[in-house]
Amino acid sequence: MSDSTVYLITGANRGIGLEVLKLYASDARNILIAGVRDPAGATEVNTLAKSSPAAIHVVKIVAGDEEGNQAAAAEVAAKVGRVDVLWANAGISDVYKPVLQTTVADFESHWRVNVLGPVVLFQAFYPLLLKSTKTEKKFVITSTAAGSIGIAGSLPFPVSAYGSSKAAINFVAAKIHQEHGDKDKLVVIPIHPGMVSTDMGQHALKTMGVTDGVAIPGVEVITPVESATGLKNVIDNATFVANGGKFVDYAGKDLPW
């Protein structure tokens with residue numbers, strides 16, 4: 001198992017997470033931990049696990065649940081003993097209102113999943129990252145350009161709850177890089193997947209009044225497969241020197257914080 005790579009991907013039952021899981025599943029050298037809210041209900045993941053060249057373990061991981069994440073880490077430790085690539089992909093974006101109309105509950109729900117989710121995941125699985133057999137282990141966070149302070153002013157979308165939560169997790173990523181990057185040889189990468197036509201992405205566009213087929217100035221809508229392919233390429237080739245602590249997109253382009 002020393003020549004294998006252990007990937008843990010949360011939000012693996014749909015959208016980008018599922019497509020990334022499928023790509024890694026084609027390589028028999030990989031060991032995959034598919035983090036999902038409801039293992040029994042993750043039909044596509046369970047079906048994939050039965051035919052995948054790679055070993056797939058489906059584990060319950062709920063974003064922000066401290067006790068549950070610790071239990072998941074214990075389960076993964078017993079099954080595979082380590083994690084080489086920890087990917088905090090689970091996230092939500094379901095409120096599209098101006099700031100004056102965005103409630104405290106709206107902000108809290110986004111911050112719990114999009115900020116505390118990756119934080120709790122990192123805290124729970126950090127000991128398993130330290131057991132990685134790779135020269136450099138990786139902590140990946142699926143972020144968004146909507147969380148960039150430098151880009152926020154030009155975004156035409158009312159996503160204050162979502163965008164602010166992603167800006168916050170970008171800050172946390174920068175601090176993890178500062179605290180653990182060089183010390184632990186940990187490559188920390190918050191990455192923008194693009195504007196993706198997942199169920200969540202399509203819901204967002206429709207809620208904001210964007211009609212199918214209508215171009216959005218400055219925004220290219222891509223498929224989940226296109227996004228996942230780009231993300232995988234960036235993460236597979238990422239190194240501490242070239243990418244550690246940087247905010248990039250699915251094509252590897254640096255983005256402003």
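My numbering applies: residue 1 is where the sequence shown begins, and numbers increase by one.
Virtual Cβ for every residue (Gly too), placed ideally from N, Cα, C.
For Phe157 and Ala167, the rounded distance between their alpha carbons: For the purposes of this step, residue 167 is identified with residue 167 of the sequence shown, where counting begins at 1. For the purposes of this step, residue 157 is identified with residue 157 of the sequence shown, where counting begins at 1. Computed Cα separation, rounded: 15 angstroms.
Going by the DSSP bridge assignment, what does Tyr7 pair with across the sheet? Residue 7 sits at position 7 when you count from the first residue of the sequence shown. According to DSSP, Tyr7 shares a beta bridge with Leu32, Val85.
Could you tell me the distance, in whole angstroms, from the CA atom of His203 to the CA atom of Phe247? On the sequence shown, position 203 is the one that residue 203 refers to. On the sequence shown, position 247 is the one that residue 247 refers to. With a pLDDT of only 47 at His203, under 50, the local geometry of the prediction cannot be trusted, and the value read off the model is given with reservation. Spanning the two alpha carbons is a distance of roughly 26 angstroms.
Find the nearest neighbour of Arg29 within the set Val6, Lys22, Val187, judged by alpha-carbon distance. Indexing the sequence shown from 1 puts residue 29 at position 29. It is Val6.
If we count Cβ pairs, one from each stretch, closer than 8 angstroms, do we get three or more for the stretch 25-41 versus the stretch 54-71? yes
Return the chain-ordered list of same chain residues with a C-beta closer than 7 angstroms to the C-beta of Pro193, the five sequence neighbours on each side being excluded. Numbered from 1 along the sequence shown, position 193 holds the residue referred to as residue 193. These residues qualify, in order along the chain: Ile16, Thr142, Ser227, Leu231, Tyr250.
For Phe171, tell me which candidate among Pro256, Asp182, Tyr126, Asp236 has the shortest Cα-Cα distance. Locating residue 171 in the sequence shown gives position 171, where the first residue counts as 1. The candidate whose alpha carbon is nearest that of Phe171 is Pro256.
Which of the three DSSP states is assigned to Gly201 in this structure? Here residue 201 refers to the residue found at position 201 of the sequence shown. Annotation note: pLDDT 47 at Gly201 (below 50); position unreliable, coordinate value reported separately. Note: Gly201 maps to helix in three-state DSSP.
Euclidean distance between Cα positions of Val187 and Ala152: Your numbering for residue 187 matches position 187 in the sequence shown. Your numbering for residue 152 matches position 152 in the sequence shown. So the two alpha carbons sit approximately 26 angstroms from each other.
Given Val20, which residues of its chain have a CB within under 8 angstroms of its CB, disregarding the five upstream and five downstream residues? What you label residue 20 is simply residue 20 of the sequence shown in a count that begins at 1. Ile9, Ala12, Trp87, Asn89, Ala228, Leu231, Lys232.
Buried or exposed: where does Ala40 fall if 16 or more other Cβ atoms within 10 Å of its Cβ makes it buried? Looking up residue 40 in the sequence shown gives position 40. It counts as exposed.
What residue from Val45, Lys50, Lys60, Ser51 has the CA that sits closest to Asp38's CA? Position 38 of the sequence shown, counted from the start, is the residue given in the question as residue 38. If we check each option's Cα against that of Asp38, Lys60 comes out closest.
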